[in-house]
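Numbering (this note's numbering), first residue to last: 73 to 417.
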Amino acid sequence: MEIVFRKIENWIEGDYIKQKKLNEVPLSAEKGLKKGLKHFVFAIISAAIANIFLAYIIGLNPLLKIITEPIDQHLIGFVSILIFTIIFYAVFAYVREIVCTVICPYGRLQGVLLDSKSLLVAYDYERGEPRHKVDKSTTESSSGDCIDCNICVHVCPTGIDIRKGTQLECINCTACIDACDMVMEKIHREPRLIGFKSEKQIQTHQPFKFGKRVYGYAAILLVMISAMAILIFQRSDIDATILRASGTLYQERSNGTVSNLYNAELINKTAYPVNFSLEPEKGTEIQFIQKQNSIAKGGTVKLTFFVIRPQKSIAAYKSEIQLKLISNGKLIDLVKTTFIAPPNL
Ligand code: SF4
Ligand code: SF4
Numbered sequence: 073m074e075i076v077f078r079k080i081e082n083w084i085e086g087d088y089i090k091q092k093k094l095n096e097v098p099l100s101a102e103k104g105l106k107k108g109l110k111h112f113v114f115a116i117i118s119a120a121i122a123n124i125f126l127a128y129i130i131g132l133n134p135l136l137k138i139i140t141e142p143i144d145q146h147l148i149g150f151v152s153i154l155i156f157t158i159i160f161y162a163v164f165a166y167v168r169e170i171v172c173t174v175i176c177p178y179g180r181l182q183g184v185l186l187d188s189k190s191l192l193v194a195y196d197y198e199r200g201e202p203r204h205k206v207d208k209s210t211t212e213s214s215s216g217d218c219i220d221c222n223i224c225v226h227v228c229p230t231g232i233d234i235r236k237g238t239q240l241e242c243i244n245c246t247a248c249i250d251a252c253d254m255v256m257e258k259i260h261r262e263p264r265l266i267g268f269k270s271e272k273q274i275q276t277h278q279p280f281k282f283g284k285r286v287y288g289y290a291a292i293l294l295v296m297i298s299a300m301a302i303l304i305f306q307r308s309d310i311d312a313t314i315l316r317a318s319g320t321l322y323q324e325r326s327n328g329t330v331s332n333l334y335n336a337e338l339i340n341k342t343a344y345p346v347n348f349s350l351e352p353e354k355g356t357e358i359q360f361i362q363k364q365n366s367i368a369k370g371g372t373v374k375l376t377f378f379v380i381r382p383q384k385s386i387a388a389y390k391s392e393i394q395l396k397l398i399s400n401g402k403l404i405d406l407v408k409t410t411f412i413a414p415p416n417l
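Here is the structure:
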């Protein structure tokens, strides 16, 4: 909102005061042009975000198919892009900060992490109070630096008065900091009457220092990033699901063996084709009905096969077996599944 949409809005319609004036004047060619251009650019960016979002969910290749092939072949995909575009456009053009203050739970959770040493957008009441109306002829005053111009309240997208203290609605957009700095410059006072400050810093007039919480949170974040990095590095190239064919039992064979029928689905999670083989554990045999040895990038393959074991090796009706998924001579996964057969009593 602040880095893309608000910047475009400011670029087309001017700063907050100009925007307010434009909203109040009756419709004219200039107003129509500015509003039309803004909403057109917003819609284009929303469509781009919707496409990126869908690519993240369904993958780039399926998205390219939706975009390049006739609409009637991908009606659901096309409608999804349209719905996401409308949602993103509505959020950035109209709903805006209501998402931060009412809809998104993340902002509410963040409040729990704060204490008096947290760095936030804050009004320096020690410096600003008592407020007084400006007297442009003087630069010195026994009263505080706040001239009660209310510009910080006018520019606030969530409509709060930061001088009343930290509030849940503050989205740290810093608009009030810039506005107040401009006022301070005009009345020849030091900037940052509103700025990133901690409550402790305002009270003690000491420079900001990291509190214990910052180190604690940093440590937790480091642990989480490390755990995620380990999971990413341990992620196998192929995701395999092997299940006994539904509705089938075991098959007793004339050569003293017993078999179970399996269906497998293998998904290649990489951006390149992968060769693979499925190998049984010792004392077990695999007989393929439907076989394939490679998976295209991002593709899936389905296999159907029997697992055959000697009847005399069966100790229980239901047992667990493991199949080795091997790629380029490397074991990439050990897939577990169940095998049923009458036990050899
Ligand atoms: S913009 Fe600055 S001077 Fe004006 S009311 Fe807000 S805090 Fe006070
Ligand atoms: S940073 Fe200032 S302008 Fe932005 S939401 Fe918070 S109080 Fe309002």
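Glycine included, each C-beta is placed from N, C-alpha and C at the ideal position.
As an exercise, report each continuous beta strand (DSSP E) stretch of at least 3 residues that is fully enclosed by the segment 306-358, in chain order.
310-316, 322-324, 329-340, 349-352
Residues of its chain near S331, where Cβ-Cβ distance is below 8 Å and the 5 sequence neighbours each way are ignored:
Y322, Q323, R325, Q359, F378, V379, I380, R381
Does the Cβ of G200 have 16 or more other Cβ atoms within 10 Å, making it buried, or fewer, making it exposed?
buried
Among K341, N335, L395, I361, nearest to K354 - alpha-carbon criterion:
L395
Contact between the segment 262-274 and the segment 187-199 (3+ Cβ pairs under 8 Å):
yes
Cβ neighbours of G239 in the same chain (closer than 8 Å, five flanking residues each side left out)
In the sequence as displayed, the identity of residue 239 is Gln instead of Gly. Here the set comprises I232.
Could you please give me the residues that DSSP links to Q201 through a beta bridge?
A quick correction: the sequence has Glu, not Gln, at residue 201. For E201, which the question treats as bridged, DSSP gives no partner whatsoever.
What is the rounded straight-line gap between the Cα of F280 and the Cα of K272?
8 Å
In chain order, each alpha helix (DSSP H) run of at least 4 residues that lies wholly inside the segment 172-197:
177-184
Please state the DSSP three-state secondary structure of P279.
coil
Just list the residues that DSSP pairs E392 with in beta bridges.
T410
Are the CB atoms of I292 and I367 nearer to each other than 8 Å?
no
Hey, quick one: how far does the alpha helix (DSSP H) through I140 stretch, first residue to last?
It is worth fixing the name first, because residue 140 is Thr in this sequence and not Ile. Here the alpha helix (DSSP H) through T140 covers 132-140.
Could you say if the segment 149-157 and the segment 114-129 meet the contact criterion of at least three C-beta pairs nearer than 8 Å?
yes
Please say whether C218 and R203 have beta carbons closer to each other than 8 Å?
yes
In chain order, what residues of the same chain have a beta carbon less than 8 Å from the beta carbon of T320, not counting five sequence neighbours either side?
N332, L333
Whole beta strand (DSSP E) runs in the segment 255-299 with 3 or more residues, listed along the chain?
266-269
Residue range of the unbroken alpha helix (DSSP H) whose run includes R78:
77-85
Measuring CB to CB, does C245 end up less than 8 Å from I234?
no
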